[in-house]
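S.K.:
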Amino acid sequence: MWPGSNQFALFISVAAICGLIAFSMSCHLPGHPNADYRGDVISQTGGWADESSCAECHNQSDEFSKTGHANTLRRAETPASRALLSKLSECEAALAEGTRVIDEGDQLIAETSPDAVLHRLKLDWCFGSGMHATTWVSTLPDSHGNTDTLEYRWTWFTSLQGFAVTPGQPAQRGDSSVSVHGLLFDGSKARRCFSCHSTVLPVSSGQIEEDGIHPGVTCQRCHGPREEHVRSEGEIHPVGWTTSDRMESVRRCAVCHRLPEERPAADIRPDNPAIVRFQPMGLQQSACFLKSEMRCTTCHDPHRPMDAQDSAGIWQCLQCHNPEDDTHTLCGLGRNDDCLRCHMPAVQMEFPVKFTDHWIRVLKQPAESLQ
Amino acid sequence: MKGHRKVQSPKTWLAVSVLLVLSTNFCWMERSSRLVAPLQTSILAIRPPWQVPITRWPWTESIATWPFALFATAVAGLAVFVTQETRSKGHELWKALLLAGISLAMQPDQWLLTVSIVLLCRSLAVGNTDSMPFRSASLTLMALILAAMTTLDFGLAWAVALGLFISGRPSAGSADFVHSLKTKGTVCGILLVSLVFLSTTTPGFFPALIRPISWIRQNHALMPSMSVFTGSLPVRSGHILLAFVIVIQVWQVLRSPSTAWTVKGMCLLFAGIGLGCGRYTVVTAVVVFELGKLRFPVVSESTSGSAGPRKFALASLTMTGAYWGWLLTVNGMSIPENPSQPRRVDPTLWRFDGPVMLTNLDHAIDWQGAAARKRFPVLLDDRWDTAADHVPEYTRATFDLLEGLREFHQKPVGEGGYRIFLDQHQPLIIAIDSTQLEPIRRLSVDPEWRVIAIDAGKTVFGKTTHLLTRGQAVRAGELFFQLEWPRPGVSMQLDGILALGTAADSRAVSRVLTAMRLPYAALRVLPDDQSIETEAARCWAYVELAHRAIRHTGEPSLLDQCRAVSGMNRLRRTSVTTAGEQDQVRRALQSLTDNTVRSTDLKKLGAGLMGLTPEQEVRTALTNGDFANAERATNDIADVGVRGFYKVLIQSPDLTSTDLLDRFRSVLKSATLPSNLEEEAAFYSGCLQLEVGDSQGAYESLTSSDLINPHSRLAAIRDLYRSQLNAMQ
Chain A
54 MWPGSNQFAL FISVAAICGL IAFSMSCHLP GHPNADYRGD VISQTGGWAD ESSCAECHNQ
114 SDEFSKTGHA NTLRRAETPA SRALLSKLSE CEAALAEGTR VIDEGDQLIA ETSPDAVLHR
174 LKLDWCFGSG MHATTWVSTL PDSHGNTDTL EYRWTWFTSL QGFAVTPGQP AQRGDSSVSV
234 HGLLFDGSKA RRCFSCHSTV LPVSSGQIEE DGIHPGVTCQ RCHGPREEHV RSEGEIHPVG
294 WTTSDRMESV RRCAVCHRLP EERPAADIRP DNPAIVRFQP MGLQQSACFL KSEMRCTTCH
354 DPHRPMDAQD SAGIWQCLQC HNPEDDTHTL CGLGRNDDCL RCHMPAVQME FPVKFTDHWI
414 RVLKQPAESL Q
Chain B
2 MKGHRKVQSP KTWLAVSVLL VLSTNFCWME RSSRLVAPLQ TSILAIRPPW QVPITRWPWT
62 ESIATWPFAL FATAVAGLAV FVTQETRSKG HELWKALLLA GISLAMQPDQ WLLTVSIVLL
122 CRSLAVGNTD SMPFRSASLT LMALILAAMT TLDFGLAWAV ALGLFISGRP SAGSADFVHS
182 LKTKGTVCGI LLVSLVFLST TTPGFFPALI RPISWIRQNH ALMPSMSVFT GSLPVRSGHI
242 LLAFVIVIQV WQVLRSPSTA WTVKGMCLLF AGIGLGCGRY TVVTAVVVFE LGKLRFPVVS
302 ESTSGSAGPR KFALASLTMT GAYWGWLLTV NGMSIPENPS QPRRVDPTLW RFDGPVMLTN
362 LDHAIDWQGA AARKRFPVLL DDRWDTAADH VPEYTRATFD LLEGLREFHQ KPVGEGGYRI
422 FLDQHQPLII AIDSTQLEPI RRLSVDPEWR VIAIDAGKTV FGKTTHLLTR GQAVRAGELF
482 FQLEWPRPGV SMQLDGILAL GTAADSRAVS RVLTAMRLPY AALRVLPDDQ SIETEAARCW
542 AYVELAHRAI RHTGEPSLLD QCRAVSGMNR LRRTSVTTAG EQDQVRRALQ SLTDNTVRST
602 DLKKLGAGLM GLTPEQEVRT ALTNGDFANA ERATNDIADV GVRGFYKVLI QSPDLTSTDL
662 LDRFRSVLKS ATLPSNLEEE AAFYSGCLQL EVGDSQGAYE SLTSSDLINP HSRLAAIRDL
722 YRSQLNAMQ
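Chains A and B, in that order, are what the protein sequence lines are. All residue numbers for the first sequence refer to the working numbering, where the first residue is 54 and numbers rise by one. All residue numbers for the second sequence refer to the working numbering, where the first residue is 2 and numbers rise by one.
1) Which value, in whole angstroms, describes the spacing of the CA atoms of Leu662 of chain B and Gln652 of chain B?
2) Name the one or two DSSP bridge partners that Lys648 of chain B has.
3) What residues in the stretch 300 to 315 of chain A have a beta carbon less than 8 Å from any beta carbon of chain B?
4) Compare the C-beta of Arg1 of chain B with all C-beta atoms of chain A and state if any pair is closer than 8 Å.
5) Start and end of the beta strand (DSSP E) containing Tyr205 of chain A?
6) Looking at the unbroken alpha helix (DSSP H) that takes in Ile241 of chain B, where does it start and where does it end?
7) Can you have a look at Cys71 of chain A and say buried or exposed, based on whether 16 or more other CB atoms are within 10 angstroms of its CB?
8) Which same chain residues end up closer than 6 Å to Ser166 of chain A when comparing Cβ atoms and leaving out the 5 residues on each side of it in sequence?
9) Less than 8 Å between the beta carbons of Arg508 of chain B and Leu524 of chain B, yes or no?
10) Tell me, please, whether the stretch 197 to 209 of chain B touches the stretch 70 to 77 of chain B by the rule of three or more beta-carbon pairs shorter than 8 Å.
11) Any beta carbon of chain A sitting closer than 8 Å to that of Leu243 of chain B?
12) So what does Lys670 of chain B bridge to, in DSSP terms?
13) Do the stretch 263 to 281 of chain A and the stretch 245 to 255 of chain A make contact, defined as three or more Cβ pairs closer than 8 Å?
14) What first and last residue would you give for the beta strand (DSSP E) that runs through Phe216 of chain A?
15) Just checking: is the beta-carbon of Asp320 of chain A within a distance shorter than 8 Å of some beta-carbon in chain C?
16) Would you give the residue range spanned by the alpha helix (DSSP H) that Asp110 of chain B belongs to?
17) Thinking just about the alpha-carbon of each residue, which of B:Leu114, B:Gly502, B:Ala522 is nearest to the one in Ala158 of chain B?
18) Identify, in the order they occur along the chain, each residue of the same chain with its Cβ nearer than 8 Å to the Cβ of Gln690 of chain B, setting aside the five sequence neighbours on each side.
19) Tell me, please, whether the CB atom of Arg173 of chain A is closer than 8 Å to any CB atom in chain B?
20) Alpha carbon to alpha carbon, how far is Gly266 of chain B from Ala69 of chain A?
21) Mark Pro654 of chain B as exposed unless 16 or more other C-beta atoms lie within 10 angstroms of its C-beta, in which case mark it buried.
22) At 7 Å on the CB atoms, spell out the chain B contacts of Gln97 of chain A, in chain order.
23) Within its chain, find whatever has a CB closer than 7 Å to the CB of Leu238 of chain B; leave out the 5 residues flanking it on each side and keep chain order.
24) For a quick check, are the C-beta atoms of His374 of chain A and Met397 of chain A less than 8 Å apart?
25) Cα-Cα, which of B:Ser139, B:Gly156, B:His240, B:Pro225 is closest to Leu196 of chain B?
26) Hey, would you say Gln591 of chain B sits closer than 8 Å to Pro194 of chain A, going by beta carbons?
27) Looking only at its chain, what residues have a beta carbon closer than 7 Å to the beta carbon of Asp391 of chain A, apart from the 5 residues adjacent to it on each side?
28) Could you tell me the boundaries of the beta strand (DSSP E) in which Thr163 of chain A lies?
29) Give me the subset of the stretch 225 to 242 of chain A whose CB atoms are less than 9 Å from a CB atom of chain B, sorted by chain position.
30) Using alpha carbons as the reference points, say which of B:Leu269, B:Gly472, B:Leu514 lies closest to Asp546 of chain B.
31) Which chain A residues are close to Gln617 of chain B, counting only those with a beta carbon under 8 Å from its beta carbon?
32) Which chain A residues sit within Cβ distance under 9 Å of Ile47 of chain B?
33) Would you say Phe400 of chain B reaches chain A, if we count a Cβ-Cβ gap shorter than 8 Å as a contact?
34) Going by DSSP, what residue range makes up the alpha helix (DSSP H) through Lys407 of chain A?
35) For Ser301 of chain B, decide whether its Cβ has a neighbour in chain A, counting only Cβ atoms nearer than 8 Å.
36) At least one CB of chain A closer than 8 Å to the CB of Asp595 of chain B: is that the case?
Pasting the structure below:
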């Protein structure tokens, strides 16, 4: 046995060896310096709160469920999605291609039959709140287990109250069993699509774990994982949106609505309609943005539906362009209402959706000058 | 070294060690090993790096690079010297493990450092300093200078020397000059002043000095050599053996009441470094072994002459022979048939220059040869001591690149998106580790980047928007096209694009080609052997082919599906694959039986098998890799021709492509084969002809399949194949 000092030596030896092994392990496991650089925050595996508890303390939750953000992604089998898809049978162009959607109860199957060969595709997800448009997507594993997506060829446009070919897809459908249904996106683009339409997106080695997706842009998508905040009943308040400066705030929106740095510098010009869709790009070029403290949330309250908020009003503009203040620069036409019609017109894209031009400026030919 | 005596079997141990070193690289006749780190600089380095002093003299370039065979002998000599110079009773096993570990894991640029440290340990041993103080001091000085002049990690050697120097105590009554208190004080003072002087006057000296500690800030994912348990199989095995030796030695030293606490502390410190950083595992194992050696009981003369150690040595030699046998058979290693086949792509053959971004910083050496260094500067190299401020930025961008996170996004800490980093630093080349298959797969469909070269170590992407890289991208594209859709009579120039090297290298390149969605090209570069590793690479190509068929036709190509599912099931059962590989296999199997784009709902078919015809049952069973049920149901098929068709498919996993082709030709001769199966058999024949390189025959078979039914489900994939084959006519 180990009497006296030998016992002490044994204890020290065992402790030292265990310490060495633990140290060695810590050098190789996640948690090592730089480990937090990995991945997108929405693919974080832990730290998420059950958002049903948000309403207990935050009254914004009341209206939030009606916002476009909250409903920007749903399962294809949801009633709203089924209701829209049932109208595909009224789309003549789709019928001409022999396309239809079969509701099989537990799943929705898109069928098309060129040359008498029937091609079937299970529709999995429904992208878009329906305020402007809704596009369906199917998820497909590739040979390495990554999740690819197939963007369905037919999109519901609210302005049309009907279906048309999804923007960006060719006029003629493809030949293969996949391309006959729409456009295939590889794993990284698929992940990008989901990441802007969900709050939690578990991804393991390129494979999206669909059962773990928290669909829609909800509380924690902007405010970050809030498990500790909920558990501590609000005592712990992780650094987040409320403490961010305005540039950080705009960049949070720009994660999905895009930053100017994401386009070549030559593209960022006032006569380029392609950037209208990416609001922060234009906004950051605007004199109003550069010369004030405004941010996206100056006009938009993301907690309320668009029709319930005063984002299109003029009170925001009057903060700096008030006719009652002699020091302010005023409208050349002497107007103090309807500012957006001239300075932020809605621009028609190549598909039946309009986007508001956020490059706030004096347009020589107001309204739709970029078309 | 009273009581110790020379060993009886050094030649046997030398043979064991040489064989083990040679087993780490089957191109030993061609490959050379660089013992001294080359001149290094990276674009993001924030300060001029400390360079190994002797590299400043160009004439040293030739003596710093040794033929691999000579390096193997040198490593073996060192390993035997360390482990066998003295023998201690009962510790033959530990010494054998240390010898094997050193032989398997020794990296060329660590050899001189290890030599220096062994010299230091021997020269500063108390007995030596006592009896031969002048010789001891000279040897110490020589070892310290050797380390400083030839290695980047001289700090480790200096730390060993300092530790031994401080911890050493002169024997009672002796006048040990080296270990006397007065000498210690003087030497420590001089050393401290010198270090301060050198640190303040010589750029990069201090960061280089503390490299053995500053590695802890480096992320192992960017530099796998930092990790103890990654790397090639021999290196990994060597590290595991050495880690075992380190732990045992530390245990011995700590338990010893007579060992000074300073020595125990040194042991713990070096063990921590060795177990934490794979780059230092060999050298610290040697240090810990040398420190612990005095603890071994000395063998008595009466037992030392026993035959036990010799038998043990002979047994080790036999085991090494068996290991070689395993490598050459099961593991599929082979000595290259064509010795001129390079193992690495030579970038100096390219007609452009430009900055390089590496996802594995261990590959920096490939870009730092004398000819390549100026033409292809790397953004960041493996010198973690030079660019600490840029490491987080680079790490973030590299992780995003590997995960496919191109655009701006929020991270748990900070923001990400590799595109912004690339825009800022404008690399023309991205070199991804060839084992990082998913990133390669993702980037290979990025319109901004094209694969311009592949070898077993790295897959190189060039920026297509740059005029200079476009030429190389076009040449590489033509070669890949030729490999996928071979044109008769066209010679392939691999120089500067593909390096197939050994059998293992070819398999690695094959996996990359599969990841790039070029399965026929992947099959074409595989070595002609039946090893598990080659079979695995072949199966992955079949998985890719099976997916291609499903996505084009909506139904599985039973030929590819059978071979893929059967191969994946075999891989799942093998113990050779790691847990990560097992997960990949599981996902591949899942993806093959996924039902998303199936025109026939297999789940429903499966649920109602009772109502199926025998032929439908066979097809369902083959799709799921259920060969027993497929065989049973095939026997229920009355028609001989139909039965023959499915029998060939059932046997397909065990047949070569040539044999399968012959079988399908026989099937096609059957008079009773219905037209739908005739069409399918002709399609499979075309696919097999593509596999074996008969593009003309493939075109004809596909055309004959098309003539039978031009509007069938197979039309889409058949048209694709025919258009690709037609494009080169």
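A virtual CB, placed ideally from N, CA and C, is assigned to each residue, including glycine. Please read all numbers here as calculations on a predicted model, not as lab measurements.
M.R.: Short version:
1) Looking up residue 662 of chain B in the second sequence gives position 661. Looking up residue 652 of chain B in the second sequence gives position 651. Approximately 12 Å between the Cα atoms of the pair.
2) For this step, residue 648 of chain B is matched to residue 647 along the second sequence. Looking at the DSSP output, Lys648 of chain B shares a beta bridge with no other residue.
3) Contacts with chain B (Cβ-Cβ distance below 8 Å) from the stretch 300 to 315 of chain A involve Arg304, Arg305, Ala307, Val308, Arg311, Leu312, Glu314, Glu315, listed in chain order.
4) Residue 1 of chain B lies beyond the stretch modelled for chain B, which goes from 2 to 730, so this question has no answer here.
5) In the first sequence, residue 205 of chain A corresponds to position 152, counting from 1. Segment 200 to 210, the beta strand (DSSP E) holding Tyr205 of chain A.
6) Here the question's residue 241 of chain B lines up with position 240 in the second sequence. Membership of Ile241 of chain B in the alpha helix (DSSP H) is indicated by the continuous run 234 to 256.
7) Here residue 71 of chain A is taken as the residue at index 18 of the first sequence, counted from 1. Exposed is the label assigned to Cys71 of chain A, since fewer than 16 other Cβ atoms lie within 10 Å of its Cβ.
8) Within the first sequence, the letter at position 113 stands for residue 166 of chain A. In the same chain as Ser166 of chain A, and ignoring 5 residues on each side of it, the C-beta atoms closer than 6 Å to its own belong to Gly151, in chain order.
9) Numbered from 1 along the second sequence, position 507 holds the residue referred to as residue 508 of chain B. Numbered from 1 along the second sequence, position 523 holds the residue referred to as residue 524 of chain B. Between Arg508 of chain B and Leu524 of chain B, the C-beta spacing is not below 8 Å.
10) The answer is no - the stretch 70 to 77 of chain B does not touch the stretch 197 to 209 of chain B, with fewer than three Cβ pairs under 8 Å.
11) Counting from 1 along the second sequence, the entry for residue 243 of chain B is found at position 242. Not one chain A Cβ lies under 8 Å of Leu243 of chain B.
12) As a position in the second sequence, residue 670 of chain B is number 669, starting the count at 1. For Lys670 of chain B, DSSP assigns no beta-bridge partner whatsoever.
13) Between the stretch 263 to 281 of chain A and the stretch 245 to 255 of chain A, the count of C-beta pairs closer than 8 Å reaches three or more; the two stretches touch.
14) Stepping through the first sequence from its first residue, residue 216 of chain A is reached at position 163. Here the beta strand (DSSP E) through Phe216 of chain A covers 215 to 218.
15) No chain C is present in this structure, whose protein chains are A and B.
16) Numbered from 1 along the second sequence, position 109 holds the residue referred to as residue 110 of chain B. Asp110 of chain B: member of the alpha helix (DSSP H) spanning 109 to 124, first to last residue.
17) Residue mapping note: residue 158 of chain B aligns to position 157 of the second sequence, counting from 1. For Ala158 of chain B, the nearest C-alpha among the options comes from B:Leu114.
18) On the second sequence, position 689 is the one that residue 690 of chain B refers to. For Gln690 of chain B, the CB contacts under 8 Å within the same chain, skipping 5 residues up- and downstream, are Leu662, Ser696, Gly698, Ala699, Ser702 in chain order.
19) Taking the first residue of the first sequence as position 1, residue 173 of chain A is located at position 120. Against chain B, the CB of Arg173 of chain A has a partner CB under 8 Å away; the residue lies at that interface.
20) By one-based count along the second sequence, residue 266 of chain B stands at place 265. By one-based count along the first sequence, residue 69 of chain A stands at place 16. C-alpha separation (whole angstroms): 10 Å.
21) The sequence position of residue 654 of chain B within the second sequence is 653, counting from 1. Buried is the call here.
22) Along the first sequence, one-based indexing puts residue 97 of chain A at 44. For a Cβ distance threshold of 7 Å, residue set Pro413 of chain B lies close to Gln97 of chain A, ordered along the chain.
23) In the second sequence, the residue the question calls residue 238 of chain B occupies position 237. The amino acid at residue 238 of chain B is misidentified as Leu; the sequence shows Ser. Within the same chain, and ignoring the five residues on either side of Ser238 of chain B in sequence, the residues whose Cβ sits closer than 7 Å to its Cβ are Leu105.
24) Residue mapping note: residue 374 of chain A aligns to position 321 of the first sequence, counting from 1. Residue mapping note: residue 397 of chain A aligns to position 344 of the first sequence, counting from 1. Not in contact: His374 of chain A and Met397 of chain A (Cβ atoms no closer than 8 Å).
25) Your numbering for residue 196 of chain B matches position 195 in the second sequence. The shortest Cα separation from Leu196 of chain B among B:Ser139, B:Gly156, B:His240, B:Pro225 belongs to B:Gly156.
26) Taking the second sequence and counting its residues from 1, the one referred to as residue 591 of chain B is at position 590. Taking the first sequence and counting its residues from 1, the one referred to as residue 194 of chain A is at position 141. Taking a C-beta distance under 8 Å as the contact criterion, Gln591 of chain B and Pro194 of chain A qualify as a contact pair.
27) Walking along the first sequence from the start, residue 391 of chain A turns up at place 338. Cβ within range, chain order: n/a, list empty.
28) Start at 1 with the first residue of the first sequence, and residue 163 of chain A comes out as number 110. Rather than Thr, the amino acid found at residue 163 of chain A in this sequence is Ala. Under the DSSP assignment, Ala163 of chain A falls in the beta strand (DSSP E) whose first and last residues are 161 to 165.
29) Within the stretch 225 to 242 of chain A, the residues whose Cβ lies closer than 9 Å to some Cβ of chain B are Gly227, Asp228, Ser229, Ser230, Val231, Ser232, Val233, His234, Leu237, Asp239, Gly240, Ser241, Lys242, listed in chain order.
30) Here residue 546 of chain B refers to the residue found at position 545 when the second sequence is read from its first residue. At residue 546 of chain B the sequence reads Leu, which differs from the Asp that was named. With distances taken between CA atoms, Leu546 of chain B lies nearest to B:Leu514 out of B:Leu269, B:Gly472, B:Leu514.
31) Within the second sequence, residue 617 of chain B is the residue found at index 616, counting from 1. Within chain A, no residue comes near Gln617 of chain B; the closest Cβ sits about 16 Å away, beyond 8 Å.
32) Position 46 of the second sequence holds residue 47 of chain B. Ile47 of chain B does not reach chain A, its nearest Cβ partner there being about 17 Å away, counting only Cβ pairs nearer than 9 Å.
33) As a first step, residue 400 of chain B must be located in the second sequence, where it is residue number 399. For Phe400 of chain B, the closest Cβ of chain A is nearer than 8 Å.
34) Start at 1 with the first residue of the first sequence, and residue 407 of chain A comes out as number 354. For Lys407 of chain A, there is no enclosing alpha helix (DSSP H); the enclosing beta strand (DSSP E) has its first and last residue at 407 to 409.
35) What you label residue 301 of chain B is simply residue 300 of the second sequence in a count that begins at 1. Note that Ser301 of chain B has pLDDT 43, beneath the 50 cutoff, so the model's placement of it is unreliable and the number below is only indicative. No, no contact with chain A.
36) The residue labelled residue 595 of chain B in the question sits at position 594 within the second sequence. At least one chain A Cβ lies under 8 Å of Asp595 of chain B.
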